[in-house]
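For the sequence shown, position 115 matches number 126 in our numbering, and the numbering has no gaps at all.
For each residue, glycine too, the CB sits at the ideal point set by N, CA and C.
For clarity, every value in this text was computed on a predicted model and none was experimentally measured.
Okay, so here's the structure we're looking at.
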Amino acid sequence: MTDRLDDYRRKRTAERTPEPIPGRHPAETGRGRFVIQQHHARSLHWDVRLERDGVLVSFAVPRGLPRDRERNHLAKHTEDHPLEYLTFHGEIPAGEYGGGRMTIFDQGTYDTDKWRDDEIGVTFHGERTSGRYIFFQTEGADWMVRRMDPPEPGWEPMPDQVTPMLATRARSLPVDDADWGYEMAWGGLRVTAYVSGGRVRLTGADGADVTSWFPEIRGLGPALAPTEAVLDGEIVTFDGPHPAPARLERRQAPKDAAAARRAAEHTPVQFLSFDLLWLEGHATLEAVRYAERRELLEGLAVTGDHWQTPPYFPGGGRYALEAAREQGLPGVIAKRLDSPYLPGRRTRLWLEINV
């Protein structure tokens, strides 16, 4: 009998990696287990492993399993893994094959609907993953994976484009202060961030793709993974003691990775997220109030070297305006706590008050 773990062993050295390296190929257990591991290697991906014939038949899926039937995702057929990998998690040392952090995203059992050399159909029964999927070969080791079942009830696909809601200029703070929340007016470049499958796409207020302008923001995708969300915010620089726009609209796309690193070092930028427009298959625009959207946003913990969620202040507009003045900011944005998000519209539900 051919030992299907030969390729797995050949790529690993037991003294250098915490991964399990069994000495023999075990017999079939008939239990039909699976594991999905989130793998922060050179590039983030998800490893889907199916127990079959005493090994784990494995696929690297860069964007994770699709959650609806509208899209197929790439799946790379990799070497078979030992059954001990069903519970493996940890840090594979840098420089080793597959180096990076690996965590268990989901595990459970599956039913085999079809198993051919070029097509595998399974039904997952996991805590976070359920339903029917088809893996089908396209060329060489490249496969695709497609969800066959309808998405969960109420699911809405991530929008391709959300035009930002705009504030109306006002000369003074609202009179009914307790009904409003206050944010700093940062004076940066307005962007919308679409986070899906561990990747992030940034668009400007006019809908233009500006992702390549800000390579340092790409890490937001892996940081939030596996969460998928659409965030409204601004890009600002911190060249001095206070944030500033610093002519971001003229920042050019870097030509290579080295240029990207130099751009990040010389123009340190931050993505400041202040609203949540879509989360895990559910739009949060008109049906969710501003105060509730902020609560959901803060629950995401959007915090990192180049991204954060600045606080907002329910009530206390006078103190917020004074804080903006002390920080050298243009002013504050007042938003009604019960305000929906109205894409592309400028209304008096949001007010811009300058210092």
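Backbone secondary structure at residue i - three-state DSSP
i    : result
L242 : strand
T174 : coil
I364 : strand
S284 : strand
W154 : strand
R356 : coil
D117 : strand
I228 : helix
E90  : strand
D18  : helix
Y323 : coil
T24  : coil
C-alpha distance - residue i paired with residue j, whole-angstrom precision
i    : j    : result
L332 : A298 : 29 Å
A294 : S141 : 22 Å
G65  : P33  : 12 Å
D286 : A302 : 10 Å
W289 : A38  : 46 Å
A52  : P237 : 15 Å
F324 : K346 : 10 Å
E260 : L200 : Confidence is the limiting factor: at E260 the pLDDT is only 41, short of 50, which leaves the residue's position unreliable, though a coordinate-based value still follows. Rounded to the nearest angstrom, the two C-alpha atoms are 7 Å apart.
E369 : R42  : Nothing about residue 369 can be read from this structure; the chain reaches only from 12 to 366.
V202 : W126 : 45 Å
R262 : T98  : Low per-residue confidence applies at R262: pLDDT is 44, beneath 50, and the placement is therefore not dependable enough to give any value.
E363 : V186 : 14 Å
E26  : V313 : 37 Å
Exposed unless 16 or more other CB atoms sit within 10 angstroms - verdict on residue i
i    : result
R35  : exposed
F249 : exposed
D58  : buried
P93  : buried
W154 : buried
A371 : Here the chain has residues from 12 to 366 only, and residue 371 is not among them.
G310 : exposed
L340 : buried
G91  : Here residue 91 turns out to be Asp, not Gly, going by the sequence shown. That one is buried.
A105 : exposed
A189 : exposed
A71  : buried
R357 : exposed
M159 : exposed
S54  : exposed
C-beta contact flag for residue i and residue j at 9 Å
i    : j    : result
M195 : Q338 : yes
H88  : R74  : no
G119 : H136 : yes
H84  : R157 : yes
E30  : I103 : yes
T24  : E95  : no
Y193 : V343 : yes
Neighbour flag for residue i against chain B, beta carbons, 9 Å
i    : result
A219 : Included in the structure is just one protein chain, with no chain B present.
Specify whether the region 326-341 and the region 166-182 touch according to this definition: at least 3 beta carbon pairs, one from each stretch, less than 8 Å apart.
no
For the region 204-215 and the region 236-245, state whether three or more C-beta atom pairs, one from each stretch, are separated by less than 8 Å.
yes
Quick test of the definition: if touching needs 3 or more C-beta pairs under 8 Å, does the region 161-177 touch the region 210-223?
yes
Do the region 131-138 and the region 103-113 make contact, defined as three or more Cβ pairs closer than 8 Å?
no
Count the C-beta pairs between the region 218-225 and the region 344-356 that are closer than 8 Å, then say yes if the count reaches three, no if not.
no
Counting Cβ pairs, one atom from each stretch, are 3 or more of them under 8 Å apart for the region 306-320 and the region 146-165?
no
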